[in-house]
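In my numbering, the protein residues as written are 80 to 361.
Ideal Cβ positions, reconstructed from N, Cα and C, are used throughout, including at glycine.
Encoded as structure tokens, the structure appears first; notes follow it.
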Amino acid sequence: MPALISRFSKLTAVLLIVILVMSASDGAAQESGPTPVFESMFGESSRIVDLTYTINDRSPYWPGDNYEPFELKTIATLEEDGVLSKTFCMPEHLGTHIDAPNHFEANRIPVDQIPPEQLIGPGVVIDIETRAEQDADTMLSLEDLEEWEQQHGVIPGGAIVLLHTGWGRHWENIPRYQNRDARGQMHFPSYSPEAAEFLVEERKVRGIGVDNLSIDRGLSRDFEVHHIVNKAGRFGLENVAKLDELPPRGFWLIVSPIKIEDGSGGPARIWAVVPGDEDAKD
Ligand SMILES: [Zn+2]
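Set out below in structure tokens:
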């Protein structure tokens, strides 16, 4: 008998919840499941591309003094503590990350003070992969930008520009990704100072990013591109993943960096929202 009562009361409780949920909905053509926020915000045929690498102790990082690989340590377990919890330690500039304006210039804002509206903008991808395959020291030139604009139109003001060098295919092979020669000199492509200057000054971009270790090419010693970008109060994005899945323009970028007080940068989750044909407005 008690079992029957308890079964009855369980059934009553389930029914009550169902009635409550139904009356909470507006009663119209409300589908079950969560409200389709993404579709409502961006249109039904849009897709989202996560441009962020998973961080682990195999993630490539800048081979400078005091730079260490990512480290993760378990400090509590479900078995012993009833909760799973970990600590991590990493350089700010490891994995997919942002370079804040204070990274290379004095009196510029740190990562926690970059206004959110600077972290969302129209995305642009410029492809130099074919040339980079032949020449690891190549740089994005003014001619490349001119050619891109002839094909795709003027780079929109406030864009976040991403340079596709094809380096992402080496991500899981640190020596190949760093591509150091016998003297330890790295070789990978990136922006020329002239192209960076043009993007910052003439096209007023919010920031520039690349699919490898640096917005200055591997050969650079003076980090001129970093200085140009940071002096203008703009940010850089490095080790950006999956650029081969993006169109040259006509999509949005959302950059979501960790908010470290006075940080010179930090790991960032970066998403592209790519409208489908029906939702494309660009
Ligand atoms: Zn960096």
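What residue does the alpha helix (DSSP H) around residue i start on, and which one ends it?
i	result
E208	208 to 213
R272	Residue identity differs from the one stated: residue 272 is Pro in this sequence, not Arg. Unbroken alpha helix (DSSP H) run through P272: 272 to 276.
In the DSSP assignment, find the beta strand (DSSP E) that holds residue i and state where it starts and stops.
i	result
H176	176 to 178
K321	Per DSSP, K321 belongs to no beta strand (DSSP E) and is neither H nor E.
F167	164 to 168
S335	330 to 336
I287	286 to 289
E150	150 to 155
Quick one: what's got a C-beta closer than 7 Å to residue i's C-beta in the same chain, skipping five residues either side?
i	result
H182	H305, N309, S343, G344
L163	A155, T156, L157
Give me, in chain order, the residues of the same chain whose beta-carbon lies closer than 6 Å to that of residue i; leave out the 5 immediate sequence neighbours on both sides.
i	result
L151	K165, F167
P346	G174, H176, I337
H231	P327, R328
Report yes if the CB atom of residue i is closer than 9 Å to the CB atom of residue j, and no otherwise.
i	j	result
T244	S271	no
R332	P180	Going by the sequence as given, residue 332 is Leu instead of Arg. The answer is no: Cβ separation not under 9 Å.
L278	V334	no
Q192	F314	no
Y132	W250	yes
D223	A274	yes
L316	G355	no
Q257	P139	yes
Leaving out five residues on either side along the sequence, give the residues of the same chain with a beta carbon under 8 Å from the beta carbon of residue i.
i	result
V233	R282
K89	Caution is warranted here: a pLDDT of 48 is assigned to K89, below 50, making its placement in the model unreliable, and no coordinate value can be reported.
W141	P170, H172, L173, L292, S293
I339	E171, P189, V190, D191, G345
I307	P272, A275, E276, V279
Quick check on residue i: buried or exposed, where buried means 16 or more other Cβ atoms within 10 Å of its Cβ?
i	result
A103	Low confidence applies to A103: its pLDDT is 43, below 50, so where it sits in the model is not reliable, and the reading given next is rough at best. So A103 counts as exposed.
Y146	exposed
L221	exposed
I98	With a pLDDT of 40 at I98, under the threshold of 50, the predicted position of this residue should be treated as unreliable, though the coordinate-derived value follows. The residue in question, I98, is exposed, as its Cβ has fewer than 16 Cβ neighbours within 10 Å.
Specify whether the region 288 to 306 and the region 199 to 217 touch according to this definition: at least 3 beta carbon pairs, one from each stretch, less than 8 Å apart.
yes
Counting Cβ pairs closer than 8 Å, one from the region 323 to 335 and one from the region 152 to 162, do we hit at least three?
no
The region 314 to 325 contacting the region 124 to 131, beta-carbon criterion three pairs below 8 Å:
yes
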